[in-house]
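Everything on this sheet refers to the single structure shown next.
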Amino acid sequence: MATEDIGEVSAASAKRARFTRQMRRVPGSVAIIAAQADGARTGLAATAWTSLSADPPMLLVCVNRSASAYQIIKRAGAFSVNLLADNELETVAIFSAQRGLDGDARFLDKQWSIGPRGQPMLESALVTFECAVLDSHDYGTHTIFIGEVDAMGGTGGSNPLIYFDGGFAALQTASNDL
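Here it is, written out as structure tokens:
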């Protein structure tokens, strides 16, 4: 490897490290992205999701192609997004593999219903969406799934769980005296 190649690799590594540090400062709402196909059910804890359109209602989720949920979402052609309340830290631990559980075992601790498209929807979630995959795009290590919202639900209560600066926090509403 030439000297400039080492420099380029070092610069790319430094850029990635800085980007990762910067992104830790961007708060994100924590959701469980879940999917079910051919009798297999899986999900992951994620902050890489957002609304895409209100007309028609659409969401996008970003899923690492090495995650078990990736193949299930592809096969199902659908997924659910389940926004977690600030008291759902154990659910995050289960769906981020910290408890060593996989597949269907991740769903045993909570009550789940099945949406019209056959996707798991967390009954205790603040907000749930069931989406049909309309499109997908591969970028880097992830696939962006674009989903049209077919069903919605949720408790609507409590405050959402937020991931910020490497930890979890509860969202507090600022004064509306603007």
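So this note's numbering is basically just the index in the sequence shown, starting at one, shifted up by 16.
Glycine included, every Cβ here is placed at the ideal spot set by N, Cα and C.
Since the structure is predicted, the reported quantities are computational estimates derived from the model, not experimental observations.
Take N80 and list the residues in its own chain whose beta-carbon comes closer than 6 Å to its own, dropping the five residues that flank it on each side.
Indexing the sequence shown from 1 puts residue 80 at position 64. So the qualifying residues of the chain are T157 and H158.
T159 (DSSP reduced to helix, strand or coil):
Locating residue 159 in the sequence shown gives position 143, counting from the first residue. If DSSP states are grouped into helix, strand and coil, T159 belongs with the strands.
Under 8 Å, do T144 and G169 count as touching if we go by C-beta distance?
In the sequence shown, the residue the question calls residue 144 occupies position 128. In the sequence shown, the residue the question calls residue 169 occupies position 153. Cβ distance < 8 Å, so T144 and G169 count as in contact.
Grab me the residues of R91's own chain with a C-beta within less than 7 Å of its C-beta, minus the 5 sequence neighbours each way, in chain order.
In the sequence shown, the residue the question calls residue 91 occupies position 75. Result list for R91: A53 and D54, in chain order.
For the alpha helix (DSSP H) that Q87 lies in, which residues bound it at each end?
Counting from 1 along the sequence shown, the entry for residue 87 is found at position 71. Looking at the DSSP string, the run of the alpha helix (DSSP H) that includes Q87 is S84 to A92.
If we ignore side chains and look at the alpha-carbon of each, how far apart do F184 and S96 end up?
Locating residue 184 in the sequence shown gives position 168, where the first residue counts as 1. Locating residue 96 in the sequence shown gives position 80, where the first residue counts as 1. For F184 and S96, the gap between their C-alpha atoms comes out near 22 Å.
Alpha-carbon to alpha-carbon, F111 and L187
Position 171 of the sequence shown, counted from the start, is the residue given in the question as residue 187. Position 95 of the sequence shown, counted from the start, is the residue given in the question as residue 111. About 21 Å.
Using the rule of at least 16 other Cβ atoms within 10 Å of the residue's Cβ for burial, across every protein chain shown, is P132 buried or exposed?
As a working mapping, residue 132 is identified with position 116 in the sequence shown. P132 is exposed by the Cβ-count criterion.
Measure the CB-CB distance between A83 and A51 and report whether it falls below 8 Å.
Within the sequence shown, residue 83 is the residue found at index 67, counting from 1. Within the sequence shown, residue 51 is the residue found at index 35, counting from 1. No.
Return yes when the Cβ of I162 is within less than 8 Å of the Cβ of C78, no when it is not.
As a first step, residue 78 must be located in the sequence shown, where it is residue number 62. As a first step, residue 162 must be located in the sequence shown, where it is residue number 146. Their beta carbons are not under 8 Å apart, which means C78 does not touch I162 by this criterion.
Every unbroken alpha helix (DSSP H) inside the stretch 17 to 68 [4 residues or more]:
Correct list: 19 to 40.
So T63 and Y179 are supposed to be a Cβ contact under 8 Å. How far apart are they, rounded?
Within the sequence shown, the letter at position 47 stands for residue 63. Within the sequence shown, the letter at position 163 stands for residue 179. About 5 Å separates the beta carbons of T63 and Y179, which is inside the 8 Å limit, making them a contact pair.
Can you tell me which of the three DSSP states H189 falls into?
Locating residue 189 in the sequence shown gives position 173, where the first residue counts as 1. In the sequence on display, residue 189 carries Thr and not His. Residue state for T189 is assigned as coil, using DSSP reduced to three classes.
Which residue comes first and which comes last in the alpha helix (DSSP H) that contains L105?
One-based indexing of the sequence shown puts residue 105 at position 89. Note, L105: alpha helix (DSSP H), L105 to F111.
Which whole-angstrom value is the C-beta distance of W128 and L138, which I expect to be below 8 Å?
As a first step, residue 128 must be located in the sequence shown, where it is residue number 112. As a first step, residue 138 must be located in the sequence shown, where it is residue number 122. Taking C-beta atoms under 8 Å as the contact rule, W128 and L138 qualify, at a distance of about 6 Å.
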